[in-house]
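Protein chains: 2
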Amino acid sequence: MKEMRSGPNAVAMSTTFPELFDRFSAALLPAETPDATILRFRSIARAIRLDSHGHAEFDPKAEQLAFVCVGSAKLVARASGGREQVVSFHFAGELACVPGGALHAYSIEALTPCELLAFPVGEFLDLARSEPAILSEVCDRVMVALHRASEKSVALGRKTAQERVCSFLVGMTERIGVRQGNGFAMRLPMSRRDIADALGLTNETISRQFAELRMSGIIETSGRSLVTVPDIGSLRDLGGYMQLPERNAA
Amino acid sequence: MKEMRSGPNAVAMSTTFPELFDRFSAALLPAETPDATILRFRSIARAIRLDSHGHAEFDPKAEQLAFVCVGSAKLVARASGGREQVVSFHFAGELACVPGGALHAYSIEALTPCELLAFPVGEFLDLARSEPAILSEVCDRVMVALHRASEKSVALGRKTAQERVCSFLVGMTERIGVRQGNGFAMRLPMSRRDIADALGLTNETISRQFAELRMSGIIETSGRSLVTVPDIGSLRDLGGYMQLPERNAA
DNA sequence: CGTACTTTTGATCGAAGTCAACTACGGTGG
DNA sequence: CCACCGTAGTTGACTTCGATCAAAAGTACG
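Protein sequences, first through last, are from chains A and B. Take the first sequence: its position 182, counting from 1, is numbered 182 in UniProt numbering, and each next residue is one higher. Take the second sequence: its position 154, counting from 1, is numbered 154 in UniProt numbering, and each next residue is one higher.
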């Protein structure tokens, strides 16, 4: 029971536990799941409510699955010397895997007010085993996370600052962008610093890259968080991606 | 059937398909799996035999699961300008996830002569759904891969060259090292260049870091591939890891 | 035993980091 | 509603770590 500790900004909020759990079960538990199983998932779920910038630390030995019910969050790893790496960003409806027994310290931090359900992986998978459809859904989601991590390692390992920023923006338009003519508009919930920590850069470098992209008309910004991309193609061209030979009709 | 294309070094080798498949099924299919299911796995498995440095390209649209039956391999992503990132190394008995529909081009390349079984993910998971134990095992392995990727992104995003090399060596001792007194010895199947491509550095930098570690007595080397680590603790201290507060007895 | 490739070592360069100062956004209270 | 203030973001000057370019030395292969 002591395995989760919430940070200073952890705060009571509106949504009730049943409401949170409903969002989880709507997303991950198939309709035909027996009530008994649902109840057992309920009994291992732990609600975490975070104010903006609030953070949740977990027992470093116990791996967790965290379902984001509302809001958005980042999964952060800490290395020596206070260095932070944002491993992934997560939006409502997504599942985050918080490693246990790792050599870095992981935590989940809220980008916006945020409500999560955390499950110890072991017990979660034990239950899921009784319902292949759940296991299959979890497996799919973990694979998506792995693919994102693979793509990201290319950026972190081999790309320039500009390419990293462009790939980041391409990825974000796909996840939270709303179509706008030829391009996209989006409200980024994370700070320049968060972006820097995700891309292995500094906030100054992010700022400079945003400035350049603004100059060349690739993006427009308004306020701290609103970004519009008039033409997603030119942004993608700057992402350092492999030019795929496939060019046939969909 | 045209989804897999083997490179110039793909070559015929000793192990027969039934032998390869047995290794796969011993690792991933539980004893109680019905013969019909085993047969269906067999029918979607595709054997890939690679000479040292041979490579296998896959249909970029179709995600694959590749089980390494014998030998060792690297999962490589290619970005524009011929840049390569080694996403992960894999040894016999491990499962590699080759992303499909990605913005980079992925391939598997042999470090040593190597034999794989490749499965299209969709069909694989369809079959696995009938046997929760298989799904559960795959899920576990994919999570391990995700954790490694998370830890690696800390290295790529926030660590110095020396810290990256030390974390790499720490990870390798855990995977292929053989205990030797206080430390470990191992034969690294990958070249300096492979290590560089995995750590987001150059082969020159790897060479220089190895030289420094040799100087300070942290490692000893013999020939190109033999590395011994007299004291794993001092190597770990240089890895830039979080100094975990946990210091209690096991 | 020779030869081709990998590794090592050295010298120089450049992209991003660091340090510092200034600006502007957006939330709070008057 | 507007003025104020703290934080986040921007911009500039300089530094640094690892990349790049080049050449020598070492391995392991035929």
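Glycine included, each C-beta is placed from N, C-alpha and C at the ideal position.
Query raised in the report: Listing by chain order, which chain B residues have their CB less than 7 Å from the CB of residue 132 (chain A)?
Result: Locating residue 132 (chain A) in the first sequence gives position 132, where the first residue counts as 1. The answer, in chain order, is 129, 132 and 135.
Requested in this report: Kindly indicate if chain B contains any beta-carbon less than 8 Å away from that of residue 243 (chain A).
Outcome: One-based indexing of the first sequence puts residue 243 (chain A) at position 243. Yes, because at least one Cβ of chain B sits closer than 8 Å to the Cβ of residue 243 (chain A).
Query raised in the report: Count the other CB atoms within 10 Å of the CB of residue 86 (chain B); is the residue buried (16 or more) or exposed (fewer)?
Result: Within the second sequence, the letter at position 86 stands for residue 86 (chain B). The residue is buried, with at least 16 neighbouring Cβ atoms inside 10 Å.
Query raised in the report: Under 8 Å between the Cβ atoms of residue 189 (chain B) and residue 225 (chain B)?
Result: For the purposes of this step, residue 189 (chain B) is identified with residue 189 of the second sequence, where counting begins at 1. For the purposes of this step, residue 225 (chain B) is identified with residue 225 of the second sequence, where counting begins at 1. In this structure, residue 225 (chain B) lies closer than 8 Å to residue 189 (chain B) by Cβ.
Query raised in the report: Can you give the Cα-Cα distance for residue 9 (chain A) and residue 89 (chain B), rounded to whole angstroms?
Result: Position 9 of the first sequence, counting from 1, holds the residue named residue 9 (chain A). Position 89 of the second sequence, counting from 1, holds the residue named residue 89 (chain B). Since pLDDT at residue 9 (chain A) reaches only 47, below the 50 mark, its modelled position is unreliable, and no value is offered.
Report task. Flag residue 107 (chain A) as yes if its beta-carbon sits less than 8 Å from any beta-carbon of chain B, otherwise no. Result -> Locating residue 107 (chain A) in the first sequence gives position 107, counting from the first residue. Not an interface residue.
Query - Interface residues of chain A facing residue 151 (chain B) [CB-CB closer than 7 Å] - result: Mapped onto the second sequence, residue 151 (chain B) falls at position 151. Within 7 Å Cβ-Cβ: 102, 103 and 104.
Report task. Note down, in chain order, each residue of its chain lying with its Cβ closer than 6 Å to the Cβ of residue 195 (chain A), except the 5 sequence neighbours on either side. Result -> Taking the first sequence and counting its residues from 1, the one referred to as residue 195 (chain A) is at position 195. Excluding sequence neighbours, residue 195 (chain A) sits near 206.
Query raised in the report: In chain A, which residues lie with their C-beta within 8 Å of the C-beta of residue 143 (chain B)?
Result: Numbered from its first residue, the second sequence carries residue 143 (chain B) at position 143. Going along chain A in sequence order, the residues near residue 143 (chain B) (Cβ under 8 Å) are 63, 97, 121 and 142.
Query raised in the report: Which residue spans inside the UniProt domain "HTH crp-type" (159-233) of chain B form an unbroken alpha helix (DSSP H) run of at least 4?
Result: 161-176, 192-199 and 203-215
Query - Closest by C-alpha distance to residue 113 (chain A), when choosing among A:204, A:70 and A:208 - result: Numbered from 1 along the first sequence, position 113 holds the residue referred to as residue 113 (chain A). Residue A:70 is the option with its Cα nearest to residue 113 (chain A).
Requested in this report: Report the residue from B:156, B:211, B:187 and B:124 whose alpha carbon sits nearest the alpha carbon of residue 111 (chain B).
Outcome: Numbered from 1 along the second sequence, position 111 holds the residue referred to as residue 111 (chain B). When only C-alpha atoms are compared, the closest one is B:187.
**Report entry** Contacts around residue 212 (chain A), its chain only, beta-carbon distance under 8 Å, and the 5 residues preceding and following it disregarded
**Finding:** Translated into positions along the first sequence, residue 212 (chain A) becomes position 212. 162, listed in sequence order.
**Report entry** Three-state class that DSSP yields for residue 90 (chain B) in the structure shown
**Finding:** Along the second sequence, one-based indexing puts residue 90 (chain B) at 90. Secondary structure at residue 90 (chain B): strand, using DSSP grouped into helix, strand and coil.
Requested in this report: Indicate whether at least one CB of chain A lies closer than 8 Å to the CB of residue 159 (chain B).
Outcome: For the purposes of this step, residue 159 (chain B) is taken as residue 159 along the second sequence, with counting starting at 1. Answer yes: the Cβ-Cβ gap between residue 159 (chain B) and chain A drops below 8 Å somewhere.
Query raised in the report: Within 10 angstroms of its Cβ, does residue 26 (chain B) collect 16 or more other Cβ (buried), or is it exposed?
Result: Residue 26 (chain B) sits at position 26 when you count from the first residue of the second sequence. With fewer than 16 other Cβ atoms within 10 Å, it is exposed.
Query raised in the report: At a Cβ threshold of 8 Å, is residue 227 (chain B) touching chain A?
Result: The residue given as residue 227 (chain B) occupies position 227 in the second sequence. False, the Cβ-Cβ gap to chain A never drops below 8 Å.
Query - Euclidean distance between Cα positions of residue 199 (chain B) and residue 80 (chain B) - result: Looking up residue 199 (chain B) in the second sequence gives position 199. Looking up residue 80 (chain B) in the second sequence gives position 80. Roughly 18 Å separates the two Cα atoms.
Requested in this report: Determine contact between the segment 135-149 of chain A and the segment 138-156 of chain B, defined as no fewer than three beta-carbon pairs at a distance below 8 Å.
Outcome: Three or more beta-carbon pairs separated by less than 8 Å link the segment 135-149 of chain A to the segment 138-156 of chain B, which places the two stretches in contact.
Query raised in the report: When the cut-off is 8 Å and only beta carbons count, does residue 78 (chain B) lie next to chain A?
Result: Within the second sequence, the letter at position 78 stands for residue 78 (chain B). Yes, residue 78 (chain B) lies at the interface with chain A (some Cβ there is under 8 Å from its Cβ).
Query raised in the report: Is the CB-CB distance between residue 134 (chain A) and residue 66 (chain A) below 8 Å?
Result: Locating residue 134 (chain A) in the first sequence gives position 134, where the first residue counts as 1. Locating residue 66 (chain A) in the first sequence gives position 66, where the first residue counts as 1. It is not a contact, given that the beta carbons lie outside the stated cut-off.
Query raised in the report: When the Cα atoms are used, what is the spatial distance from residue 150 (chain B) to residue 29 (chain A)?
Result: As a first step, residue 150 (chain B) is located in the second sequence; it is residue number 150 there, counting from the start. As a first step, residue 29 (chain A) is located in the first sequence; it is residue number 29 there, counting from the start. Between residue 150 (chain B) and residue 29 (chain A), the C-alpha separation is close to 27 Å.
Query - residue 183 (chain A) at chain B interface by Cβ criterion, 8 Å - result: The residue given as residue 183 (chain A) occupies position 183 in the first sequence. For residue 183 (chain A), the answer is no, since every Cβ of chain B falls outside 8 Å of its Cβ.
Query raised in the report: What three-state label does DSSP hand residue 32 (chain B) in the structure shown?
Result: To locate residue 32 (chain B), count along the second sequence from 1; it is residue 32. Coil.
Query raised in the report: Rounded to a whole number of angstroms, what is the C-alpha to C-alpha distance between residue 40 (chain A) and residue 51 (chain B)?
Result: Within the first sequence, numbered from 1, the residue matching residue 40 (chain A) stands at position 40. Within the second sequence, numbered from 1, the residue matching residue 51 (chain B) stands at position 51. Going by the C-alpha atoms only, they are around 50 Å apart.
**Report entry** Contact check, residue 131 (chain A) vs residue 15 (chain A), beta carbons under 8 Å
**Finding:** By 1-based counting over the first sequence, the position of residue 131 (chain A) is 131. By 1-based counting over the first sequence, the position of residue 15 (chain A) is 15. Not a contact, by the Cβ cut-off of 8 Å.
Query - Chain-ordered chain B contacts of residue 146 (chain A) [CB-CB under 9 Å] - result: Walking along the first sequence from the start, residue 146 (chain A) turns up at place 146. Against chain B, a Cβ distance below 9 Å from residue 146 (chain A) picks out 97, 99, 142, 143, 145, 146 and 149.
**Report entry** Interface partners of residue 40 (chain A) on chain B, CB under 8 Å
**Finding:** Position 40 of the first sequence, counted from the first residue, corresponds to residue 40 (chain A). Going along chain B, no residue has its Cβ under 8 Å from residue 40 (chain A), so there is no contact; the nearest lies around 16 Å.
Requested in this report: Please list, in chain order, all residues of the same chain as residue 175 (chain A) whose beta carbon is under 7 Å from its beta carbon, the five residues on each side excluded.
Outcome: By 1-based counting over the first sequence, the position of residue 175 (chain A) is 175. Same-chain partners within the cutoff: 91.
Report task. Please state if the CB of residue 106 (chain B) and the CB of residue 103 (chain A) are separated by a distance shorter than 8 Å. Result -> Taking the first residue of the first sequence as position 1, residue 103 (chain A) is located at position 103. Taking the first residue of the second sequence as position 1, residue 106 (chain B) is located at position 106. It is not a contact, given that the beta carbons lie outside the stated cut-off.
Report task. Measure from the C-beta of residue 2 (chain A) to each C-beta in chain B and report whether the shortest distance is under 8 Å. Result -> If you number the first sequence from 1, residue 2 (chain A) lands on position 2. Since pLDDT at residue 2 (chain A) reaches only 40, below the 50 mark, its modelled position is unreliable, and no value is offered.
Query raised in the report: Shortest alpha-carbon distance to residue 118 (chain B) belongs to which of B:128, B:100, B:96 and B:126?
Result: Position 118 of the second sequence, counted from the start, is the residue given in the question as residue 118 (chain B). The candidate whose alpha carbon is nearest that of residue 118 (chain B) is B:96.
Query raised in the report: Rounded C-beta distance between residue 100 (chain B) and residue 68 (chain B)? I'm assuming under 8 Å.
Result: Taking the second sequence and counting its residues from 1, the one referred to as residue 100 (chain B) is at position 100. Taking the second sequence and counting its residues from 1, the one referred to as residue 68 (chain B) is at position 68. Contact flag wrong, Cβ pair sits at about 19 Å.
Query raised in the report: What is the residue span of the alpha helix (DSSP H) that residue 109 (chain A) lies within?
Result: Here residue 109 (chain A) refers to the residue found at position 109 of the first sequence. No alpha helix (DSSP H) holds residue 109 (chain A); the beta strand (DSSP E) holding it covers 105-110.
Report task. Step through the CB atoms of chain A and report whether any lies within less than 8 Å of the CB of residue 200 (chain B). Result -> Position 200 of the second sequence, counted from the start, is the residue given in the question as residue 200 (chain B). Residue 200 (chain B) counts as touching chain A.
Query raised in the report: Residues in its own chain within less than 7 Å of residue 37 (chain B) by CB, not counting five upstream and five downstream?
Result: Indexing the second sequence from 1 puts residue 37 (chain B) at position 37. Hits under 7 Å: 127, 130 and 131.
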